[in-house]
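Undergrad: Final position of the first sequence in numbering that gives the first Met the number 0 is 412; the numbers increase by one with none missing.
Beta carbons are placed, not taken as given, at the ideal position from N, Cα and C, and that holds for glycine.
Mind having a look at this structure? Questions to follow.
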Amino acid sequence: MSAIQKIKGFSDLFPEDSRSFTRMEAVARATFGRYGFGELRTPLLERTELFAKGIGEDTDVVGKEMYTFTDRGERSVTLRPEATAGVLRAAIEAGGIETGRAARYYTFGPMFRYERPQKGRLRQFHQINAELIGSPEPAADVEVILMLQDFLTSLGIADLSFELNSLGCRECRPAYRSALTSYFEALDAEKLCEDCRRRMHTNPLRVLDCKVPACKALVAGAPVISDHLCPGCRDNFAAVLALVDRAGLKYSVNPRLVRGLDYYQRTTFEVTSGAIGSQTAVAGGGRYDGLVQLLGGPDAPGVGFACGMERLAMLMQKPEAAQLDFFLAVTDTREGSGALAAALLLAHKLRSRGLSGECDYAAGSMKSRLRHAGRLNVRKCYILGAEEFDAGQVTVKDMEEGDQLRLDIAAFD
RNA sequence: GUGAAUGUAGCUCAGUUGGCAGAGCACCAGGUUGUGGCCCUGGGGGCCGAGGGUUCAAGCCCCUUCAUUCACCCCA
Numbered sequence: 000m001s002a003i004q005k006i007k008g009f010s011d012l013f014p015e016d017s018r019s020f021t022r023m024e025a026v027a028r029a030t031f032g033r034y035g036f037g038e039l040r041t042p043l044l045e046r047t048e049l050f051a052k053g054i055g056e057d058t059d060v061v062g063k064e065m066y067t068f069t070d071r072g073e074r075s076v077t078l079r080p081e082a083t084a085g086v087l088r089a090a091i092e093a094g095g096i097e098t099g100r101a102a103r104y105y106t107f108g109p110m111f112r113y114e115r116p117q118k119g120r121l122r123q124f125h126q127i128n129a130e131l132i133g134s135p136e137p138a139a140d141v142e143v144i145l146m147l148q149d150f151l152t153s154l155g156i157a158d159l160s161f162e163l164n165s166l167g168c169r170e171c172r173p174a175y176r177s178a179l180t181s182y183f184e185a186l187d188a189e190k191l192c193e194d195c196r197r198r199m200h201t202n203p204l205r206v207l208d209c210k211v212p213a214c215k216a217l218v219a220g221a222p223v224i225s226d227h228l229c230p231g232c233r234d235n236f237a238a239v240l241a242l243v244d245r246a247g248l249k250y251s252v253n254p255r256l257v258r259g260l261d262y263y264q265r266t267t268f269e270v271t272s273g274a275i276g277s278q279t280a281v282a283g284g285g286r287y288d289g290l291v292q293l294l295g296g297p298d299a300p301g302v303g304f305a306c307g308m309e310r311l312a313m314l315m316q317k318p319e320a321a322q323l324d325f326f327l328a329v330t331d332t333r334e335g336s337g338a339l340a341a342a343l344l345l346a347h348k349l350r351s352r353g354l355s356g357e358c359d360y361a362a363g364s365m366k367s368r369l370r371h372a373g374r375l376n377v378r379k380c381y382i383l384g385a386e387e388f389d390a391g392q393v394t395v396k397d398m399e400e401g402d403q404l405r406l407d408i409a410a411f412d
C-alpha cells in the first residue's frame with residue numbers, strides 16, 4: 000500500500016455525496032435570499048488572535064482543537080474553526096456595521112477542528128452560517144430562528160427538535176455561575192463524575208449538560224438560569240418566546256442548554272436529531288451582543304446560527320443524478336478509421352444543441368457498450384460502428400422504447 | 001487525549017479445531033455472426049493492512065505498528 004491516503008478526519012465527496020451539498024447550498028441561497036441575506040465569503044485562514052479573542056481562550060475549541068501554525072512571515076495563523084468571528088471581522092474591517100442598521104450575511108464552507116473523528120464529526124467539516132448584525136431586538140432573534148426553521152423544512156428534513164434558552168448577559172451570568180458552583184461544592188463531590196468535579200470550577204454550566212446518570216440526578220436540583228436572569232434578560236427572553244409562540248414554532252425551553260463558545264449571550268438555541276448517531280446537534284446559534292466590540296468594532300449586537308452540513312446530509316433524501324440525454328458508443332474499432340474523432344465532433348454538436356451526454360472511450364463489444372449505456376441510464380444511445388461510419392451515418396437507439404433509426408451525421412451540422 | 005471494535009478481490013463481506021484463497025455485486029467474454037435491462041455458462045482479477053515471532057505448516061495463535069470505524073469528551 001504505497002498510495003497516498005487522505006488525512007485523518009478529512010473526506011472526499013464524490014458526486015453521489017456532493018449532490019446533497021450542492022442542493023443544500025442552493026436551498027440556503029434561495030431561502031436566506033428571501034430574508035434579505037447576502038452571501039459573504041471570507042478566508043479560511045485568519046490571524047489566530049481573532050479566534051482566541053472571539054471564541055474565548057478557555058473554550059475547548061481554542062484550547063485544544065485549532066489548526067494553528069506559524070506562516071512564513073512569522074505570524075500565527077489558524078484555519079477557521081467556525082464562521083462567526085471571520086464574518087464579523089470582515090464586516091468590521093469593511094466599515095459595514097453602523098449602529099441602528101442591521102447587516103445580514105450568510106456564508107458556507109469548510110471549518111477545521113482537530114478532534115477525534117467519529118460519526119457526524121470530521122476535522123474538516125462544513126457549515127452554513129447566517130448572521131444578523133446590528134439589532135438588539137427580540138424580533139431579530141426570532142426572525143433568524145424562523146429562517147433556520149424555514150431552511151430545514153425546505154430541505155425536507157423533519158423530526159427535529161428545537162430547544163431554546165437564555166444564558167443571561169454580562170451582568171447576570173457571573174452571579175448564576177457562582178450560584179452553581181456553590182451548589183455543587185455543597186454536594187458530596189464524590190457523587191459527581193470525574194469530569195464534572197473539574198468542570199464545576201472551570202465551567203459549571205457544562206455540568207448541566209453532563210450525560211452521566213448520577214450527575215443528571217444531582218443537576219435536577221441545581222439552580223436554574225431562568226431564576227437568576229436580570230430583569231432585562233428575563234423580559235428579553237419572555238419577548239422572544241412570545242414571538243416564537245405567535246409564529247407557531249414548536250420548541251421546548253431547555254434551561255440546561257449551554258454553548259461551547261464564550262461569545263453567546265441571552266438567547267441561545269439548538270436543533271437536534273436523534274437519527275444521526277451520538278452527535279445530535281444539526282444546528283445551533285444565539286445572540287452575541289458585545290462580540291463586535293470585543294473584535295474592535297462599534298458596540299453592535301448580533302444574532303446568528305450555524306448548521307452542520309454533513310449532519311444535515313445524513314438526514315436529507317439523497318438527490319438523484321441528472322439523467323444524460325445520450326451516450327455515444329463507438330464500436331468501430333478498426334485501426335485509424337477516424338470514428339472516434341467523428342464521435343467527438345458529433346457529441347460536441349449535440350451538446351451545443353443543449354443535450355448532455357458522454358462520448359465512449361472504452362473498448363468492448365456492442366453488447367458491453369449497450370450494457371454500459373443501460374447502466375448510465377441515458378435516454379438515447381448513439382452507435383457509431385464501422386458500417387455507420389463508412390456510410391456517414393449514426394444509429395440512434397431509444398433506450399426506453401428500444402426502437403432505433405439511422406441518421407446522416409451531416410444532418411447534425 | 002481515553003476506550004472498544006474492525007483491516008481478506010474494484011465494492012460489501014464469509015473463511016470452522018492452524019492444512020490448496022472464497023461468495024455476492026461490479027468488470028470481461030460466450031450463449032445470441034452488430035444491440036442494453038432478465039436468465040444461463042465461463043474468465044480475469046489477492047504480498048489476507050505492514051513488520052516481527054511461534055509452528056512441519058499462519059488469513060487464523062503471540063508481539064509491535066499503521067489505518068479505519070464507533071463511543072467518551074466536545075460540538076455543527
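For the beta strand (DSSP E) containing Q148, list its first residue and its last residue.
TA: Here residue 148 corresponds to residue number 149 of the first sequence, with the count starting at 1. Not the beta strand (DSSP E): Q148 falls in the alpha helix (DSSP H), residues P137 to S153.
Undergrad: Determine the closest residue to R172 out of T67, R286 and I224, with distance taken between C-alpha atoms.
TA: By 1-based counting over the first sequence, the position of residue 172 is 173. Cα-wise, what sits closest to R172 is I224.
Undergrad: Assuming the contact rule is C-beta atoms closer than 8 Å, L145 and L314 should be a hit. Round their C-beta distance to whole Å, please.
TA: The residue labelled residue 145 in the question sits at position 146 within the first sequence. The residue labelled residue 314 in the question sits at position 315 within the first sequence. 20 Å between Cβ atoms; not a contact.
Undergrad: Can you list, in chain order, the residues of its chain with a C-beta nearer than 6 Å to that of D70? Leave out the 5 residues immediately preceding and following it.
TA: Working through the first sequence from its first residue, we reach residue 70 at position 71. Only V76 meet the Cβ criterion.
Undergrad: What whole-angstrom Cβ distance do S272 and L131 have, given they're in contact under 8 Å?
TA: Here residue 272 corresponds to residue number 273 of the first sequence, with the count starting at 1. Here residue 131 corresponds to residue number 132 of the first sequence, with the count starting at 1. Actually they do not touch by this definition, with Cβ atoms about 24 Å apart.
Undergrad: List the DSSP bridge partners of D288.
TA: In the first sequence, the residue the question calls residue 288 occupies position 289. DSSP, once it has assigned bridges, lists no residue as partnering D288.
Undergrad: Please go through the same chain and pick out, in chain order, the residues whose beta-carbon is closer than 8 Å to the beta-carbon of C168, but skip the five residues on each side of it.
TA: Working through the first sequence from its first residue, we reach residue 168 at position 169. Correct list, in chain order: C229, G231, C232, Q264, R265 and D288.
Undergrad: Can you tell me where the alpha helix (DSSP H) with L87 in it begins and where it stops?
TA: The count along the first sequence starts at 1 and reaches residue 87 at position 88. Here the alpha helix (DSSP H) through L87 covers T83 to E92.
Undergrad: Kindly indicate the opening and closing residues of the beta strand (DSSP E) around L191.
TA: As a working note, residue 191 is residue 192 in the first sequence. Where L191 is concerned, there is no enclosing beta strand (DSSP E), given that its DSSP letter is neither H nor E.
Undergrad: DSSP three-state label for G414, please.
TA: This structure gives no information on residue 414, because the portion of the chain shown stretches from 0 to 412.
Undergrad: Helix, strand or coil, according to DSSP, for F36 in the structure here?
TA: In the first sequence, residue 36 corresponds to position 37, counting from 1. Here F36 sits in coil by DSSP.
Undergrad: Less than 8 Å between the beta carbons of E309 and G108, yes or no?
TA: Here residue 309 is taken as the residue at index 310 of the first sequence, counted from 1. Here residue 108 is taken as the residue at index 109 of the first sequence, counted from 1. In this structure, G108 does not lie closer than 8 Å to E309 by Cβ.
Undergrad: Three Cβ pairs or more, each shorter than 8 Å: is that satisfied between the stretch 203–214 and the stretch 148–158?
TA: The stretch 203–214 is not in contact with the stretch 148–158.
Undergrad: Excluding the 5 residues preceding and the 5 following R22 in the sequence, name in chain order all residues of the same chain whose CB lies nearer than 6 Å to its CB.
TA: Translated into the one-based positions of the first sequence, residue 22 becomes position 23. Excluding residues within five positions, the ones whose Cβ falls inside 6 Å are P318.
Undergrad: By how many angstroms is the C-alpha of R18 removed from the C-alpha of M0?
TA: For the purposes of this step, residue 0 is taken as the residue at position 1 of the first sequence. For the purposes of this step, residue 18 is taken as the residue at position 19 of the first sequence. In this prediction, M0 has a pLDDT of 43, which is less than 50 and means its spatial position is unreliable; what the coordinates show is noted afterwards. Taking the straight line from one Cα to the other gives about 30 Å.
Undergrad: What does the Cβ neighbour count give for T41, buried or exposed, with the cut at 16 atoms within 10 Å?
TA: Counting from 1 along the first sequence, the entry for residue 41 is found at position 42. So T41 counts as buried.
Undergrad: F161: which of V329, V281 and S181 sits nearest, CA to CA?
TA: In the first sequence, the residue the question calls residue 161 occupies position 162. The residue with the shortest Cα to Cα distance from F161 is V281.
Undergrad: Under the assumption that L39 contacts V86 (Cβ atoms under 8 Å), give the Cβ distance between them as a whole number of angstroms.
TA: By one-based count along the first sequence, residue 39 stands at place 40. By one-based count along the first sequence, residue 86 stands at place 87. Confirmed, about 6 Å.
Undergrad: Suppose only complete runs of 4+ residues qualify. What are the alpha helix (DSSP H) ranges in the stretch 0–67, listed by chain order?
TA: You should have 14–33, 47–54 and 59–63.
Undergrad: For the alpha helix (DSSP H) containing S75, list its first residue and its last residue.
TA: Counted from its first residue, the first sequence places residue 75 at position 76. Counting along the chain, S75 falls outside any alpha helix (DSSP H), though it belongs to the beta strand (DSSP E) covering S75 to L78.
Undergrad: Please go through the same chain and pick out, in chain order, the residues whose beta-carbon is closer than 7 Å to the beta-carbon of V239, but skip the five residues on each side of it.
TA: Locating residue 239 in the first sequence gives position 240, where the first residue counts as 1. Answer for V239: P137, D140, V141 and T266, listed in chain order.
Undergrad: Which of helix, strand or coil does DSSP assign to A361?
TA: In the first sequence, counting from the first residue as 1, residue 361 sits at position 362. Three-state result, A361: coil.
Undergrad: Can you tell me the Cα-Cα spacing of V26 and H200, whole angstroms?
TA: Position 27 of the first sequence, counted from the start, is the residue given in the question as residue 26. Position 201 of the first sequence, counted from the start, is the residue given in the question as residue 200. Computed Cα separation, rounded: 43 Å.
Undergrad: Can you name, in chain order, every residue of its own chain whose Cβ lies under 7 Å from the Cβ of D437, other than the five neighbours on each side?
TA: Residue numbering for the chain in the displayed model covers 0 to 412; residue 437 lies beyond these limits and cannot be assessed.
Undergrad: By how many angstroms is the C-alpha of D194 removed from the C-alpha of P116?
TA: By one-based count along the first sequence, residue 116 stands at place 117. By one-based count along the first sequence, residue 194 stands at place 195. In a straight line, the C-alpha of P116 is about 21 Å away from that of D194.
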